[in-house]
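In this note's numbering, the protein residues as written are 55 to 692.
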């Protein structure tokens, strides 16, 4: 760097950093004190480029040589800018390191995150070895590093050193201890520390509330908030966010409304977009979509999180149509969908089998250059398989540059639900060959695939190898798949023996699967044995009553049919009406049993009558043996 350029750059830095210069010239070299003043200002503003230029100047001018004061200032500057390699280089060149310098480096590494956080703990130990004593500026960042890296034993050891030093009563150190233990998930220790703190500030309360929420103790978060109110502490946006998260976790709508009312009364907080988004998410989680939509529509500036909260709310509540409509509105208004948006909308397509809409989203992803990452790719292949396009699903799967366990599981499931069990098993073995170890979910998927395809031998092999090969203990879901597999193949007695030998308590799904198989295999004796068990496990499961009634109807035991139907009426049970979806030109049409609300109803029913006639002429006769004896002929079939 030549002298003229250096002169101009430093003059500019001096004007910007100190705002005190009234002349247009600067005398060189700058004194050590002047450089230190400029460096401090640049450190406060994190102006890396100008600070780097100043470093070059004082190095060339010789001001930095043997100058511990300026070297320390430079190390602090680089550390504050997150440039730890430069800070470390300067640090290593200083012979006489003071406590301030050690603290600067420890803080820099702790705040830099990632693996470099461990370096702050190493430096802390080196500092102690050189005879320096940690102070209230040292411990918060050492504890921060321990919490970030989840170094529980080291964190506890540092806690002990804090107590010995007598700094555990310092509020900043105390808050750092609280934060560390909440990250460890040790809420018992966190609460004990919190209760023993001689002084608490807003950060103490917020740390405790957010820690309870993150560690799935939302009720405890509300208890702490109640204590906070009694202590007459003023809440801020962070407190309210923690409370809303607790309400979301508990689905506590009424309490959420109380928090909302508090937010409204303090109008300044309503400008906080994080609070607005948290309120929308809370109402969606509590299934109060109307409240959420009202808040959403009132937002003048909607960010991606706002759109995602509302779109996800509709998807989770089962209103896939409104979810897709809102997504279209989001795109038309110029908002940019992210990964969360796409995954949510693809799940909505799953719900209503909207293949054409899902394909359009795939095209949108390609056009916008999203790229197919693991999460989006898995959602795409899952959407295609659930909508019946296995070829497209496999294409997305093969094009994915990286696959995780969920990706493999989705492909196995896709083949399984379409009855292509052998392809599912092939994918499963390819996953094993790719050194991906299956978990409970993948094994459930492959066993279910064997069940749908009737692959009894293969299913038995996988089930019996779960513990020995994959170190996975069978769960009720696995037993349910195997029971279904054996039952479908006619091995009812083996399935019944397997249930009786289970190490876990059989669920109602397992008994229901066996009962359903009794209807298919017309095994009246076993059905009567299962009747009491099924109804004891799930007395409100209307499907089991219908299944048992059909079994009796098939055997023409009309008295038992009427007895079961009387039980259904007495319990006030109703079977949800069947629902189907048809997508035409990217528009999804929904139909219920006996539905006449569609605008083309007359044409649809005329076409159905035509199809009935064609089936009759072709010699088709429906099997009505298991249909209730008093069902109208029209319902029984042509």
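Even glycine gets a Cβ: it sits at the ideal position worked out from N, Cα and C.
How long is the line joining the alpha carbons of residue i and residue j, rounded to whole angstroms?
i, j, result
"residue 497", "residue 532", "7 Å"
"residue 543", "residue 579", "18 Å"
"residue 628", "residue 403", "28 Å"
"residue 415", "residue 432", "14 Å"
"residue 392", "residue 367", "16 Å"
"residue 110", "residue 97", "16 Å"
"residue 568", "residue 545", "10 Å"
"residue 535", "residue 157", "59 Å"
"residue 676", "residue 508", "24 Å"
"residue 460", "residue 384", "28 Å"
"residue 61", "residue 423", "Annotation note: pLDDT 41 at residue 61 (below 50); position unreliable, coordinate value reported separately. Roughly 46 Å separates the two Cα atoms."
"residue 314", "residue 333", "7 Å"
"residue 561", "residue 188", "57 Å"
"residue 81", "residue 145", "With a pLDDT of 48 at residue 81, under the threshold of 50, the modelled position of that residue is not reliable, and no figure is offered here."
"residue 217", "residue 395", "48 Å"
"residue 75", "residue 92", "Summary for residue 75: the model assigns pLDDT 36, below 50, so the residue's position carries little reliability; its value from the coordinates is reported in the next sentence. Approximately 12 Å, taken between the alpha carbons."
"residue 674", "residue 653", "30 Å"
"residue 648", "residue 659", "10 Å"
"residue 142", "residue 247", "35 Å"
"residue 198", "residue 150", "27 Å"
"residue 489", "residue 447", "22 Å"
"residue 617", "residue 581", "15 Å"
"residue 511", "residue 311", "56 Å"
"residue 290", "residue 251", "21 Å"
"residue 607", "residue 622", "16 Å"
"residue 672", "residue 666", "10 Å"
"residue 522", "residue 284", "57 Å"
"residue 303", "residue 481", "37 Å"
"residue 636", "residue 643", "5 Å"
"residue 591", "residue 211", "50 Å"
"residue 329", "residue 442", "41 Å"
In terms of alpha-carbon separation, which member of the options lies closest to residue i?
i, options, result
"residue 306", "289, 287 and 276", "276"
"residue 574", "589, 375 and 539", "539"
"residue 153", "177, 464 and 136", "177"
"residue 102", "606, 256, 137 and 86", "137"
"residue 485", "462, 620, 471 and 502", "462"
"residue 428", "418, 458, 330 and 609", "458"
"residue 475", "503, 490 and 596", "503"
"residue 378", "398, 389 and 390", "398"
"residue 584", "596, 594 and 570", "570"
"residue 455", "479, 441, 430 and 437", "430"
"residue 440", "238, 473, 271 and 555", "473"
"residue 386", "361, 645, 641 and 87", "361"
Report the three-state DSSP secondary structure of residue i (helix, strand or coil).
i, result
"residue 675", "coil"
"residue 593", "coil"
"residue 148", "coil"
"residue 79", "Because residue 79 sits at a pLDDT of 41, beneath the cut-off of 50, its placement in the model cannot be relied upon, and the following sentence gives the value as read from the coordinates. It is coil, neither helix nor strand."
"residue 558", "coil"
"residue 94", "helix"
"residue 167", "coil"
"residue 271", "coil"
"residue 532", "helix"
"residue 254", "coil"
"residue 223", "helix"
"residue 194", "helix"
"residue 184", "coil"
"residue 526", "coil"
"residue 610", "coil"
"residue 665", "helix"
"residue 260", "helix"
"residue 100", "coil"
"residue 137", "coil"
"residue 617", "helix"
"residue 491", "coil"
"residue 67", "Note that residue 67 scores a pLDDT of 44, beneath 50, so its modelled location is shaky and nothing firm can be said."
"residue 483", "helix"
"residue 627", "coil"
"residue 604", "helix"
"residue 539", "helix"
"residue 85", "coil"
Residue i bridges to which residues according to DSSP?
i, result
"residue 645", "634"
If we define contact as Cβ-Cβ less than 8 Å, is residue i a contact residue for chain B?
i, result
"residue 124", "Among the protein chains of the structure shown there is no chain B, as only one such chain exists."
Contained alpha helix (DSSP H) runs [length at least 4] in the region 409-465, N- to C-terminal order: 409-421, 428-440 and 444-453
Completely contained alpha helix (DSSP H) runs for the region 322-403, where each covers 4 or more residues: Within the region 322-403, the complete alpha helix (DSSP H) runs of at least 4 residues are 327-339, 343-352, 358-370 and 374-386.
Continuous beta strand (DSSP E) assignments of at least 3 residues falling wholly in the region 275-318: none
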